[in-house]
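Reading through the C-alpha cells given below for one structure.
Numbering (our numbering), first residue to last: 11 to 327.
Take a look at the structure:
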C-alpha cells in the first residue's frame, strides 16, 4: 500500500475470483499496476477534453453515428455493471470496463476523434457531439468504478466537479432507452471488421518503413463482400482508419494485398499520400489536395483554414 497505493490493492481484490485461493506477490501486483495506469490515463485524457466542455448538447438524431455507437455501448455496459453489482461479480465488472476503456476508447473512439477534438471548429457538430459523449463516458465510468476504486474516482470526480461533496453520494447515471440501437451496433461491427484489415495493413507498412504516421497513407481497399460494402457505404473510412484518404476498389485483389483470414472479402494495399499528389496540412498533418488555397493561411487545408478564420473571428488567435 505504501509503494503503490490502496486502490492498487483494491484493484487486485476486485479482479480475482474471491471464492478461490489467490496468489499475491510483486508480479501479480505489477499486472494490476499496469492496468491501473491505463485506467488512470484514460480518465486523465477525458478530464483534459472536458476542460473545453460548455455543457452544450447535440440531439441524438443529429449526432454522428460513431457517437451514437458509443452511447449504445454505454447502455449495454450499464446492464452489465448493474447486474454485476447485484450478483457481487466484481471481477466481471472490472474486466468489462477495463477492456472497454483500453480497446474501445483509447485504441478506437478517442484515437479517431482526436482530429475532431483538436482541429475542428468550435461550431462543429461533430466536435460538440464528441465532447458531449466524453462527458457521458466520464460520468458513467467514474461512478461505476467508484465503489471499487474509491480514492481514484473521488479524485477524478472532484477535479471535474470541484463544488461537489463526493462521487459516493451520487447514484449511477440513468441511461435513456433510446441510446440502445442494435441495428447500428451490427452495422458498426462490419465497419470495424473492414477497419481491422486496414489497420493491419498500415502496421505492416509502418514496420517496413513505407510510412511513418498512418496519415501518410492512402489505403486502397478491394471489397468482395456486399454486406461489408453496404455497411461502410456512408462511413468516412479514411477518418475511421486515421488516414489522409481511403480508396474503395472492386474486382480481384492485387497480388501481395494484405488480408485477414477471419475477414473475408477485404484486401488492402497501402499507398503513400505524397505519391498521389497530396500535400501535408501544417495544422492537422493530414495530406489533402486543397492545401494552399487560402491566401491568409497557405500552409493548411481548406478545412483547417476555415477553422482558423472562425477562431480569428472569435478572438482566439
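In this text, a Cβ means the ideal position worked out from N, Cα and C, and glycines have one as well.
Tell whether a beta-carbon distance below 8 Å holds between residue i and residue j.
i	j	result
residue 141	residue 220	no
residue 176	residue 165	no
residue 296	residue 225	yes
residue 149	residue 57	no
residue 119	residue 80	yes
residue 197	residue 241	yes
residue 365	residue 227	The requested residue 365 does not occur in the structure, where the chain is confined to residues 11 to 327.
residue 77	residue 24	no
residue 185	residue 84	yes
residue 206	residue 250	no
residue 407	residue 139	Residue coverage of the chain in this structure runs from 11 to 327, which leaves residue 407 outside it and unanswerable.
residue 211	residue 108	no
Specify the secondary structure class of residue i as computed by DSSP and reduced to three states.
i	result
residue 46	helix
residue 256	coil
residue 131	coil
residue 28	coil
How far does the alpha helix (DSSP H) with residue i in it reach, from first residue to last?
i	result
residue 269	Unbroken run through residue 269 is the beta strand (DSSP E), 268-270; no alpha helix (DSSP H).
residue 239	236-242
residue 288	Per DSSP, residue 288 belongs to no alpha helix (DSSP H) and is neither H nor E.
residue 96	75-96
residue 213	192-217
residue 332	The first residue shown for the chain is 11 and the last is 327, placing residue 332 beyond what the model contains.
residue 66	Where residue 66 is concerned, there is no enclosing alpha helix (DSSP H), given that its DSSP letter is neither H nor E.
residue 251	247-251
Can you tell me where the beta strand (DSSP E) holding residue i begins and where it ends?
i	result
residue 233	227-233
residue 276	273-282
Would a check of beta-carbon distances place residue i closer than 8 Å to chain C?
i	result
residue 89	Judged by its chain identifiers, the structure shown contains no chain C, having just a single protein chain.
Report the CB separation of residue i from residue j in whole angstroms; it is logged as a contact under 8 Å.
i	j	result
residue 255	residue 263	The Cβ separation is near 19 Å, so there is no contact.
residue 268	residue 278	5 Å
residue 111	residue 159	About 12 Å; that fails the 8 Å criterion.
residue 116	residue 52	6 Å
residue 232	residue 17	Not a contact, Cβ separation roughly 48 Å.
residue 174	residue 320	Their Cβ separation, rounded to whole angstroms, is 34 Å, which puts residue 174 and residue 320 out of contact at 8 Å.
Length at least 4, wholly inside the region 128-171: the alpha helix (DSSP H) runs in chain order: 135-155 and 160-170
Residue ranges of each alpha helix (DSSP H) within the region 299-326, 4 or longer: 312-323
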